[in-house]
Amino acid sequence: MLPRTMSARRGKRARVLAPTSDADLRQAVTAAQGALNAWLRDVIVGATGRSRPPRKKAAAELPSLLLAALDTGLGKTTMTARALARLVGEIRATGRPVVYLVDSYARMSELEAVFAAIEADGLYNAMGVAPLTTGRWTGLARGGCLRGDLIERVAALGQSASGLCTGRDAEGAPVTCRHAAQCPLRASRERLAERAPDVVFMVHRFARGDGGELPDALKRPLLTVLDERPLAQLVGIARLDRAVLLRPRSSRPEHADTEALRRRAAAAVDAALGCGDDPARALVRAFGDARSAQAACHALRAHCAPKPSFGPNATDEQILSAAKRQATGAAAEERRLWTLLQGRIARLERGDARHECLSVTLDGTHVELAWREGYTWAETPTLVLDATADLDEYDRHFGGTHDIQLLTPDRRLIGNQAVVWVHIGGLTKSSLIPQVDASDDERAKAAAMKALVADALASIDALMAPHLAEGQRLLAVGAKAVVQETLAEAFDGARWDCRWYGGQRGCDAHRTAAGVVLIGRPELPQSAYRAYARAWTHDLSEFDAPRPGGNSFPYTTEPRALEMRDGATLTSRVSVRCDAWEALCQRQYRENEMLQALGRTRPLRREATSLAWIVGDVVPEGVVVDLVIRAEDLIALVPRAAADADTAAVHRTAQRPSAPTAIVDLSAVANEKARRAAAPARDNTPDRAACVVPFTAARRRWSAAALWEDGDAPADRGAAETRDEAAFSASK
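When you line the sequence shown up against full-length UniProt numbering, it's residues 1 to 732, in that order.
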């Protein structure tokens, strides 16, 4: 039976949603490769002979940004690498490097392997040129700093260790770290600054700020490539305890005047926050005019971030002590508060201030801060590779600095992947892992939920294990703590690899995995959704401004229509944010992270069908679902004792079953590509990409129920689907 939150119906002209054919996939790849080649050639050839990018003077002269929102697994990274390889001569003619940014150092290693493979396949030999040279620009710890342990301890306190390399003593003379002569990071950076490679790899965190630590060659690159969504690095959110504003920050005599200024400003800001007034306007009133208020904010910014009381050669104890003082005093958060207020006062003076850039939490104890970081290469053409990109979100970050062009596929692509939805209502990280101050009842509910998830995963493991090829593995994706705890409860995990939501985009290491299991849905705290929305919208002329203290009704439930493999339409209810910008943030963090996880097994490029299990209560839009089953029914079908491989018997249906089966097994899912190759002439009866329950004992216990009722076909099916259906009808 279906969960009560779902309903289903089957249209009279239902059709099988088969995987995209090889011919259609090749056509999509060719079109995408051609578009990337053309854009890169225009940018690179257009820059030949220029030593630096032109200064922007008018909107028509803004550098181009190509947002390549192509399907997960289509090969965006490889296409880009090959396009750059073909333009190696033109790149060298400009005398400037390409900066290529990825989201992790693990992805950087994968990318280096892609460029090495291009060199090995003979492309450069055929062109008669030397291969592209590549290099890395890394942070201190990754670059081999000899004080790496200290850097990690300082970073754990939320503080920067960038001042450990160079500094000045009390007399102002330059001081260098005592390890400078042996420092591998210093040596590599000097080599890179002297002669930059053709392509320089970095992680996304270098995309924010002014690039002050970069050498000139990397401050003015030929172009930048952002592989996977970089916007998490371009939005900042923080919370500041209001009580911090009312406490002195320093008792030193030399700071007495600044502390008096701070008391005056803090009193005005706190009073405004308490009554829902605009703190920036309150500061202007307190200091008499906008210029005086801005000067006060500027002085208080410096007061919150004094020069470190240690030099590069200070002892570990001195450095850690100073870092702890900064962390416990919330200096960074207060500095950000004065920075945001200074910027808003400037906009008030110009007459273009829109909405408040900060708000008070629901309990009134903290201030929520949100801001957008500047992009390091605001005057440089940029290519973004993001399968789940949202144009509105990118426009908020790049709309004022770049001319944005969108590249999307001209047809719908369906991967060779069967999807089973194992429904568990309300499955989130908080439902599995109780808070420290949780009640006994909440802890009991969390324990029951954890046991249910663990039993469901054990059933999935029992189903999959007998059909894995030698050395083949499975992938689990979820919140880090959730995956660790539930997998440990379910089984030993010897066959499983784990990835976390937020850290698995673009990863190519699991392309041969037999299947992927998504455990729960990723969600941000309510305050984070509000903060992200405010960062995007505080300078818009029109938007639904958040109410003071946040939206009283932050969630609503909406119906979501999902397509079944055989043409049925399944409707479930999904919780979404009420505010449009908060809903956009939720889609990026929830649905799009889940879509990225489904793409880790590269279903578009697979010959053998992979299986995806979505364990939870949310399935992203656009996913074709093969079967739905409640977790309790799955556990009853395949209890832990049913893992005996002798009971497994794979059956593939030659004709359409009278009712959908309860569960699907990877090894028995009909491979549509293989079927087409074996029998290219299509018959009049669409085959069903599903299979019978592989356990005979389970099959006896299950009473299959239809997942739909006869009814009219869905009215709104989209132009692409209408074309597909017309082509299907014409072929019969």
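The C-beta atom is built at its ideal place from N, Cα and C for all residues, glycine as well.
Among the options, which one has its Cα closest to the Cα of residue i?
{"i": "P620", "options": "A196, V419, A568, A528", "result": "V419"}
{"i": "G399", "options": "Q417, G520, V422, R372", "result": "R372"}
{"i": "A496", "options": "I614, Y555, G515, A479", "result": "Reading the sequence as shown, one finds Trp at residue 496 and not Ala. It is G515."}
{"i": "P215", "options": "P97, A68, V623, L413", "result": "P97"}
{"i": "C304", "options": "L406, T401, S250", "result": "S250"}
{"i": "A608", "options": "D277, N416, D227", "result": "N416"}
{"i": "P63", "options": "A81, A69, I44", "result": "I44"}
{"i": "R530", "options": "D121, P174, L369", "result": "L369"}
{"i": "P247", "options": "P253, A260, P221", "result": "The sequence shown places Arg at residue 247, not Pro. Checked all of P253, A260, P221; the closest Cα to R247 is A260."}
{"i": "R189", "options": "E213, D169, Y124, F206", "result": "E213"}
{"i": "G46", "options": "A68, L222, R347, G172", "result": "L222"}
{"i": "R518", "options": "A476, V628, R443", "result": "One detail in the question is off: residue 518 reads as Leu in this sequence, not Arg. Among A476, V628, R443, the Cα nearest to that of L518 belongs to A476."}
From residue i to residue j, what does the alpha carbon distance come to, in whole angstroms?
{"i": "W500", "j": "T77", "result": "21 Å"}
{"i": "R191", "j": "V199", "result": "14 Å"}
{"i": "T339", "j": "A331", "result": "12 Å"}
{"i": "H423", "j": "L634", "result": "10 Å"}
{"i": "L245", "j": "L457", "result": "49 Å"}
{"i": "C585", "j": "G478", "result": "18 Å"}
{"i": "D617", "j": "G144", "result": "44 Å"}
{"i": "A389", "j": "E90", "result": "29 Å"}
{"i": "S527", "j": "L487", "result": "29 Å"}
{"i": "A28", "j": "A117", "result": "23 Å"}
{"i": "M594", "j": "A181", "result": "47 Å"}
{"i": "L17", "j": "D24", "result": "14 Å"}
{"i": "E591", "j": "A513", "result": "22 Å"}
{"i": "D71", "j": "A31", "result": "13 Å"}
{"i": "E393", "j": "Y532", "result": "11 Å"}
{"i": "L273", "j": "P279", "result": "6 Å"}
{"i": "T166", "j": "V235", "result": "29 Å"}
{"i": "E334", "j": "A238", "result": "10 Å"}
{"i": "E194", "j": "R147", "result": "25 Å"}
{"i": "A327", "j": "A156", "result": "10 Å"}
Hey, could you find the ends of the alpha helix (DSSP H) residue i is sitting in?
{"i": "L627", "result": "Premise fails: L627 lies in the beta strand (DSSP E), 627-630, not in any alpha helix (DSSP H)."}
{"i": "D581", "result": "According to the sequence as given, residue 581 is Trp; it is not Asp. Taken as a continuous stretch (DSSP letters only), the alpha helix (DSSP H) holding W581 covers 580-586."}
{"i": "I118", "result": "105-120"}
{"i": "S292", "result": "290-304"}
{"i": "D566", "result": "Premise fails: D566 is in no alpha helix (DSSP H) and is neither H nor E."}
{"i": "Y124", "result": "123-127"}
Who are the near neighbours of residue i in its chain, counting only those whose CB is closer than 7 Å to its CB and skipping five residues on each side?
{"i": "R153", "result": "L320"}
{"i": "L132", "result": "L84, A85, V88, F115, D198, V199"}
{"i": "G329", "result": "R249"}
{"i": "K480", "result": "W500"}
Once DSSP output is grouped into helix, strand and coil, what is the label at residue i?
{"i": "P174", "result": "strand"}
{"i": "H538", "result": "coil"}
{"i": "P434", "result": "coil"}
{"i": "H423", "result": "strand"}
{"i": "I151", "result": "helix"}
{"i": "A81", "result": "helix"}
{"i": "A68", "result": "strand"}
{"i": "I404", "result": "strand"}
{"i": "S21", "result": "coil"}
{"i": "T557", "result": "strand"}
{"i": "L146", "result": "coil"}
{"i": "T571", "result": "strand"}
{"i": "R264", "result": "helix"}
{"i": "L369", "result": "strand"}
{"i": "D390", "result": "coil"}
{"i": "T512", "result": "coil"}
From which residue to which residue does the beta strand (DSSP E) around residue i run?
{"i": "G478", "result": "474-478"}
{"i": "C498", "result": "496-500"}
{"i": "Y375", "result": "Neither: Y375 is in no beta strand (DSSP E) and is coded neither H nor E."}
{"i": "W613", "result": "610-616"}
{"i": "T382", "result": "382-385"}
{"i": "C201", "result": "Note that residue 201 corresponds to Phe in the displayed sequence, not to Cys. First-last of the beta strand (DSSP E) with F201: 199-203."}
Excluding the five sequence neighbours on either side, which residues of its own chain have a C-beta within less than 6 Å of the C-beta of residue i, listed in chain order?
{"i": "H204", "result": "L101, D103, P230, Q233"}
{"i": "E459", "result": "This sequence places Ser at residue 459; Glu is not what is there. The answer, listed in chain order, is L634, I635, V638."}
Verify the CB distance criterion: does residue i have a CB-CB separation below 8 Å to chain C?
{"i": "G622", "result": "Judged by its chain identifiers, the structure shown contains no chain C, having just a single protein chain."}
Just to confirm my understanding: we take residue i, look at its own chain, exclude 5 residues before and 5 after, and list those with CB closer than 8 Å. What are they?
{"i": "T258", "result": "S250, A299, L300, H303"}
{"i": "C297", "result": "A265, L283, W338, T339, L341, Q342, I345"}
{"i": "I151", "result": "L140, A141, C145, A161, L164"}
{"i": "E604", "result": "First, the amino acid is wrong: residue 604 is Leu here, not Glu. Only T20, L25, D71, T72, G73, L74, L413, G415, N416 meet the Cβ criterion."}
{"i": "residue 734", "result": "The question about residue 734 has no answer, for the chain in this structure spans 1 to 732."}
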